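Residue numbers (mature numbering (1 follows the signal peptide of the UniProt record, and there is no 0)): -22 to -1, 1 to 180.
Printed below as a string of C-alpha cells:
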C-alpha cells in the first residue's frame, strides 16, 4: 500500500463522516415537562431516531416525531427505548418531542441520537468498488459499530451507577432508622428497669 493509497483511504473515510450528520445527546426531562428538538433534513434523505431512558421513574417517556407539515411520523407512549428509521418526504425541520407530562414526581435522564444521512454511503456505486473502497467501507462500518457499542455500554453503566446510588441511599436511611430505633428501645428499657428498683414514697 503506497502513500497515495493511504491518502485516498483517509479522504474516503473523512468524506463518509461529513456526509452523515445529526445530533447525539443526553438531557434531563423534569416531571410534568416536555422538550422538543429540531433537525433539518433534505427530501428523500434517510434519518433515524434512537432514544433510551437512562434513569428515573419507570424508565419510560412519550415520544412523537413530526414532519415540517405537522404530520406525525412516529409515536410511542410510555416507552423505555426504541429506534425508528424513515425517509424524509419533504425538506424542512423535523421535530422530535419527548414528554414526561404523565409523571408528577419522576425526574428522568434521556439519551437521544438523531442521525441524518446514509450510515454507509460508500455502498452506493454504479461501478464495481475497488479494493481500497471496499476496505474503507468495511473500516467505516466497524468504526460505527464500535461507537454504538461504546454508547450502549455507557448507558448501561449510567443505569447501574444510578441504581447503586439509590440502593446506597436506601441502605443508609434504613441503617439510620434502625440505629435510632435501637437507641430509643435501649433508653426505654433503662427507664423501665429503674422503676423496678426505685423505692416508692409512701
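All C-beta atoms, glycine included, are put in the ideal place defined by N, C-alpha and C.
In this text, all values refer to a predicted model and were calculated from it rather than measured experimentally.
Under a three-way DSSP split, which group does residue 104 fall into? The residue given as residue 104 occupies position 126 in the chain shown. In this prediction, residue 104 has a pLDDT of 48, which is less than 50 and means its spatial position is unreliable; nothing more can be read from the coordinates.
Cβ contact (3+ pairs, closer than 8 Å) linking the region 58 to 65 and the region 153 to 169: no
Could you say which of 7, 20, 174 lies nearest to residue 70 if we only look at CA atoms? Stepping through the chain shown from its first residue, residue 70 is reached at position 92. Nearest C-alpha to residue 70: 20.
Should residue 33 go down as buried or exposed, given a rule of 16 or more other Cβ atoms within 10 Å for buried? On the chain shown, residue 33 is found 55 positions in, with the first residue counted as 1. Classification of residue 33: buried, given that the 10 Å Cβ count is 16 or more.
By a C-beta neighbour count over all protein chains shown, 10 Å radius and 16 as the cutoff for buried, is residue 93 buried or exposed? Here residue 93 refers to the residue found at position 115 when the chain shown is read from its first residue. Counting Cβ neighbours within 10 Å, residue 93 comes out buried, since at least 16 surround it.
Once DSSP output is grouped into helix, strand and coil, what is the label at residue 163? The residue you call residue 163 lines up with position 185 of the chain shown. In the structure shown, residue 163 sits in a helix (DSSP, three-state: H, G or I).
Going by C-alpha distance, which of 91, 55, 123 is nearest residue 77? Residue mapping note: residue 77 aligns to position 99 of the chain shown, counting from 1. Checked all of 91, 55, 123; the closest Cα to residue 77 is 55.
Where does residue 113 fall in DSSP's three states? Translated into the one-based positions of the chain shown, residue 113 becomes position 135. Here residue 113 sits in helix by DSSP.
What residue range does the beta strand (DSSP E) around residue 68 cover? The count along the chain shown starts at 1 and reaches residue 68 at position 90. Counting along the chain, residue 68 falls outside any beta strand (DSSP E), and DSSP gives it neither H nor E.
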